[in-house]
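For reference, the structure is listed below as structure tokens.
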Amino acid sequence: MVGIVLVSHSFELARGLAALTSQLAGTEVRVEPAGGGPDGTLGTTDDTVRSAITRADAGQGVVVLADLGSSILTVRHLLEEGRGNGHIRLVDAPFVEGAIAAAVMSSAGQDLEDVARAAEEARGASKF
Amino acid sequence: MQASSEIEIALPHSVALHARPAAAFVKTALRFRSRVTVGVNGKVADAKSILAVLALGATGGTVLRLNADGEDAPAALDALAGCVSGLTE
């Protein structure tokens, strides 16, 4: 299954969203939080994101969602370092809805392309 | 051969189509090639989209109108009917 990485400035935000996402999609999908800076500060670090991607990767690809601003730069920086190769995909998607949509698609055995698209299409979804 | 089929089925009284039950429903729909929609009180959603299904806000006991269009439409509706009647909180 396609893995999901949730990159946030906040440790709690990333972890809380991972818990919510796993509750919907089931625990068979690897949903890995990567939140917070060094010593509990708000921020993102290369190491946190790199290890979350490694944990999420089961061989079918990884979709990475980031909350905003510098968290996106952190992911881009890592992908440019060579972990990219098309197998790890940063998607332009709303954080909560994109994570849920991607994880449910992944849990149904869809491929990287479909999982990434579901996350990006979440932007157009109405909540009610 | 293209086949379009439609059925109506009520959610169990104690189960809303939210969170885990909604995900189970969507995962079932994703097993089929047919285009599948679910209608609730005049709103229609793509049954393969978790966000669209959650947005229906279908509460326990609500009647769902399921429409499937494609070669495996009858099998899709059978599976979804089984899924809906077996949903638990």
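Going line by line, the protein sequences match chains A and B. Residue 343 is where the first sequence ends in our numbering, and the numbering goes up by one at each step. Residue 102 is where the second sequence ends in our numbering, and the numbering goes up by one at each step. Glycine included, C-beta positions come from ideal geometry on N, C-alpha and C.
Original post:
Can you list the beta strand (DSSP E) stretches of 3 or more residues lying completely in the segment 273 to 298 of chain A, in chain order?
Top reply: For the segment 273 to 298 of chain A, whole beta strand (DSSP E) runs of length 3 or above, ordered along the chain, are 277 to 281.
**OP:** Would you list the one or two residues that DSSP bridges to D261 (chain A)?
**Re:** Beta-bridge pairing links D261 (chain A) to no other residue.
Original post:
Just reading off the alpha helix (DSSP H) that V306 (chain A) is part of, what are its end residues?
Top reply: DSSP places V306 (chain A) in no alpha helix (DSSP H); its state is neither H nor E.
**OP:** Determine the direct distance from the alpha carbon of G99 (chain B) to that of A333 (chain A), and round the result to whole angstroms.
**Re:** In this structure, the straight-line span from the alpha carbon of A333 (chain A) to that of G99 (chain B) is close to 27 angstroms.
Original post:
Roughly how many angstroms separate the alpha carbons of A337 (chain A) and G313 (chain A), rounded to a whole number?
Top reply: Taking the straight line from one Cα to the other gives about 5 angstroms.
Subject >> For A35 (chain B) and A89 (chain B), believed in contact at Cβ under 8 angstroms, the rounded distance >> reply: Contact flag wrong, Cβ pair sits at about 17 angstroms.
Original post:
What residue range is occupied by the uninterrupted alpha helix (DSSP H) comprising V66 (chain B)?
Top reply: 63 to 68 is the span of the alpha helix (DSSP H), which, as asked, contains V66 (chain B).
Original post:
Is there contact here, the segment 302 to 320 of chain A with the segment 251 to 262 of chain A, by at least three beta-carbon pairs under 8 angstroms?
Top reply: No, they do not touch.
Subject >> CB contact flag (F310 (chain A), D329 (chain A), <8 angstroms) >> reply: In this structure, D329 (chain A) does not lie closer than 8 angstroms to F310 (chain A) by Cβ.
Subject >> DSSP three-state assignment for K40 (chain B), whether helix, strand or coil >> reply: If DSSP states are grouped into helix, strand and coil, K40 (chain B) belongs with the helices.
Subject >> Integer-rounded CB distance, given that I219 (chain A) should sit under 8 angstroms from L245 (chain A) >> reply: Checking the sequence shown, residue 245 (chain A) turns out to be Arg, not Leu. Beta-carbon to beta-carbon, R245 (chain A) and I219 (chain A) are separated by about 7 angstroms, close enough to satisfy the 8 angstroms threshold.
Original post:
Grouping DSSP H, G and I as helix and E and B as strand, with all else coil, what is A271 (chain A)?
Top reply: DSSP, read as helix, strand or coil, puts A271 (chain A) in helix.
**OP:** Would you mind telling me which residues of chain A sit closer than 7 angstroms to L77 (chain B), beta carbon to beta carbon, in chain order?
**Re:** Within 7 angstroms Cβ-Cβ: nothing; L77 (chain B) doesn't reach chain A, min ~17 angstroms.
Original post:
If we call anything under 8 angstroms between Cβ atoms a contact, is A86 (chain B) one with S47 (chain B)?
Top reply: Cβ atoms of A86 (chain B) and S47 (chain B): closer than 8 angstroms.
Original post:
How far does the beta strand (DSSP E) with A333 (chain A) in it reach, from first residue to last?
Top reply: Not the beta strand (DSSP E): A333 (chain A) falls in the alpha helix (DSSP H), residues 327 to 336.
Original post:
What do you get for A37 (chain B), buried or exposed, if any count of 16 or more other CB atoms within 10 angstroms of its CB means buried?
Top reply: By the 10 Å Cβ count, A37 (chain B) comes out buried.
**OP:** Assign T101 (chain B) to buried or exposed, taking buried as 16 or more other Cβ atoms, counted over all protein chains shown, within 10 Å of its Cβ.
**Re:** Classification for T101 (chain B): exposed.
Subject >> Close beta carbons around V39 (chain B), own chain, < 8 angstroms, minus the five adjacent residues each side >> reply: Excluding positions up to five away in sequence, the list reads A60, K61, S62, I63, V66.
Original post:
In this structure, does DSSP put R230 (chain A) in helix, strand or coil?
Top reply: Correct three-state label for R230 (chain A): helix.
**OP:** Would you decide whether S341 (chain A) is buried or exposed? Buried here means 16 or more other CB atoms lie within 10 Å of its CB.
**Re:** The residue is exposed, with fewer than 16 neighbouring Cβ atoms inside 10 Å.
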